[in-house]
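Below is one structure, written out as structure tokens, with a few remarks after it.
Numbering (UniProt numbering), first residue to last: 1 to 435.
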């Protein structure tokens with residue numbers, strides 16, 4: 001039996017499915033490849049189950065606002081792709097249907113990171129599992145292997161591969177006479193994600209202390225943030241990168257303008273198509289100050305069921321179908337991601353010599369730390385504007401590093417403490433270690 005916690009009884013859900021044989025699916029990050037994949041897969045789903053899936057999409061930049069309007073109007077689609085930063089808003093509004101029963105029945109089919117990190121974090125933050133990840137993205141440091149070889153630069157390994165070592169690599173690869181810069185710097189929306197990852201290497205994966213005070217404005221974090229900003233201010237990255245987003249980061253690395261790129265495993269697919277194997281490589285995320293390694297992983301998107309659906313059983317059946325090994329593998333190979341199921345077959349892309357091997361190795365590392373996110377509250381507005389806007393002010397000399405991190409930390413502390421006060425017995429999120 002597939003279902004969730006709460007809501008209608010299972011027999012009522014079945015009756016709903018019998019009354020309607022079509023459900024709506026919305027993708028919030030459409031592309032031609034994704035649309036083709038979903039439409040082909042939905043055709044297979046209909047052939048196997050008799051349930052029609054109506055494909056809808058909304059451009060990513062408009063998605064948060066569009067879904068808020070639909071949720072407020074009670075018109076959310078049955079199943080939608082979803083991003084982590086929306087959980088706070090959607091759980092507070094009760095727009096998501098819990099999937100605890102589905103997880104209990106199918107948990108053993110999924111890999112250890114899904115079970116021990118993704119779903120455990122959802123339980124920790126929101127009290128239920130609300131989403132099934134579509135895939136994994138794992139962060140790594142892409143670098144110009146040929147540039148390093150050309151200048152004879154030996155990159156540190158193991159515990160010597162620290163954040164300071166990464167900053168030194170950026171400087172070493174910069175050669176303005178050859179129009180080479182050391183890093184694809186991201187200053188626009190999403191740019192603070194890199195800063196967050198860097199600073200959590202100092203806080204060892206934490207975001208708050210036990211009382212809900214954000215840790216990102218500690219003296220040590222401020223010093224580290226200054227080093228990060230100096231990479232921009234001292235000219236080791238292009239001046240216009242203060243306005244770069246994802247596309248500019250990747251394009252300028254692939255074209256030969258920048259020497260390193262900190263991003264997710266999805267980029268490996270693009271680079272394998274645009275560059276030769278001897279031009280680029282992948283390094284793990286640097287170790288924390290105590291020698292432990294934080295694994296920065298995320299689900300590109302997750303599949304969630306709207307609490308407004310009248311076809312919960314059909315919606316959950318669709319998610320299970322999309323997560324089936326053959327379908328999930330096809331999706332991952334098209335999007336440059338790591339599968340969510342324990343059984344990934346013998347695909348060479350995920351083997352020792354495959355393009356995703358460095359990322360799979362990080363996921364399999366023992367005692368690695370999976371850091372916390374910002375918290376179980378709505379941070380959509382912060383992601384959409386506040387985080388990168390405040391960082392840009394600092395990069396352009398309009399405020400200091402201390403002022404920037406104080407503004408952001410005070411806002412996060414206020415939201416975390418409000419959540420603790422309004423939810424007696426709740427605790428701040430803690431990093432997770434999978435043994």
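Glycine included, every Cβ here is placed at the ideal spot set by N, Cα and C.
Local conformation of residue i per DSSP, three classes
| i | result |
| --- | --- |
| residue 68 | helix |
| residue 109 | helix |
| residue 161 | coil |
| residue 341 | strand |
| residue 324 | coil |
| residue 186 | coil |
| residue 281 | strand |
| residue 16 | At residue 16, the pLDDT of 46 sits below 50, so the modelled position is not reliable and the matter cannot be decided from this model. |
| residue 214 | strand |
| residue 379 | coil |
| residue 350 | helix |
| residue 180 | strand |
| residue 232 | helix |
| residue 304 | strand |
| residue 208 | strand |
| residue 276 | coil |
| residue 169 | helix |
| residue 333 | helix |
| residue 433 | strand |
| residue 257 | coil |
| residue 10 | Residue confidence is low: residue 10 scores 42 on pLDDT, short of 50, so the model does not pin down where it sits. No coordinate-derived value is stated. |
| residue 316 | helix |
| residue 195 | helix |
| residue 265 | coil |
| residue 270 | helix |
| residue 287 | strand |
| residue 367 | coil |
Contacting residues, own chain, Cβ-Cβ under 8 Å from residue i (five flanking each side not counted)
| i | result |
| --- | --- |
| residue 260 | 141, 142, 143, 144, 166, 169, 170, 173, 182, 183, 184, 253 |
| residue 48 | 321 |
| residue 430 | 124, 206, 372 |
| residue 187 | 232, 241, 242, 243, 244, 388, 391, 392, 395 |
| residue 426 | 376, 419, 420 |
| residue 74 | 308 |
Whole-number beta carbon distance between residue j and residue i, since they are thought to touch under 8 Å
| i | j | result |
| --- | --- | --- |
| residue 200 | residue 295 | Actually they are not in contact, since the Cβ atoms of residue 200 and residue 295 sit about 11 Å apart, beyond 8 Å. |
| residue 300 | residue 134 | 6 Å |
| residue 266 | residue 357 | The Cβ separation is near 15 Å, so there is no contact. |
| residue 290 | residue 204 | 6 Å |
| residue 319 | residue 132 | 5 Å |
| residue 412 | residue 222 | Not a contact, Cβ separation roughly 15 Å. |
| residue 52 | residue 26 | Contact flag wrong, Cβ pair sits at about 15 Å. |
| residue 417 | residue 212 | 4 Å |
| residue 283 | residue 155 | 7 Å |
| residue 130 | residue 121 | With 8 Å as the limit, residue 130 and residue 121 do not qualify as a contact, their Cβ atoms being about 11 Å apart. |
Given residue i as reference, the closest of the options once Cα atoms are compared
| i | options | result |
| --- | --- | --- |
| residue 309 | 77, 48, 257, 425 | 77 |
| residue 316 | 38, 74, 103, 34 | 103 |
| residue 350 | 268, 53, 311 | 268 |
| residue 209 | 372, 123, 128 | 372 |
| residue 263 | 276, 154, 281, 204 | 281 |
| residue 197 | 149, 120, 285 | 285 |
| residue 79 | 38, 331, 242 | 38 |
| residue 272 | 292, 287, 40, 251 | 251 |
| residue 109 | 383, 340, 365 | 340 |
| residue 365 | 62, 32, 158 | 158 |
| residue 437 | 190, 359, 152 | Any question about residue 437 goes unanswered here, given that the chain covers just 1 to 435. |
| residue 82 | 95, 73, 359, 74 | 95 |
| residue 225 | 238, 275, 164, 327 | 164 |
| residue 44 | 129, 152, 327 | 327 |
| residue 359 | 138, 279, 424 | 138 |
Sequence-distant residues of its chain with Cβ nearer than 6 Å to residue i (five each side left out)
| i | result |
| --- | --- |
| residue 29 | 60 |
| residue 236 | 170, 171, 174, 182 |
| residue 414 | none |
| residue 147 | 173, 259 |
| residue 428 | 208, 212 |
Beta-carbon contacts of residue i that lie in its chain and below 7 Å, excluding the five residues immediately before and after
| i | result |
| --- | --- |
| residue 112 | 434 |
| residue 380 | 64, 85, 86, 89 |
| residue 229 | 394, 395, 401 |
| residue 454 | Past the edges of the chain, shown from 1 to 435, lies residue 454, and the structure says nothing about it. |
| residue 118 | 133, 299 |
| residue 331 | 37, 134, 135 |
| residue 50 | 21 |
| residue 399 | 393 |
| residue 114 | 133, 340 |
Closer than 7 Å to chain D by CB, residue i
| i | result |
| --- | --- |
| residue 215 | Looking at the structure shown, chain D is missing, and only one protein chain is on hand. |
Unbroken stretches of the alpha helix (DSSP H), 4 residues or longer, contained in the stretch 118-159: You should have 119-126, 145-151.
message: Ignoring anything shorter than 4 residues, give me the alpha helix (DSSP H) runs that lie fully in the stretch 21-104, in order along the chain.
response: Whole alpha helix (DSSP H) segments, 4+ residues: 32-49, 60-72, 87-92.
message: Suppose only complete runs of 3+ residues qualify. What are the beta strand (DSSP E) ranges in the stretch 382-428, listed by chain order?
response: Correct list: empty.
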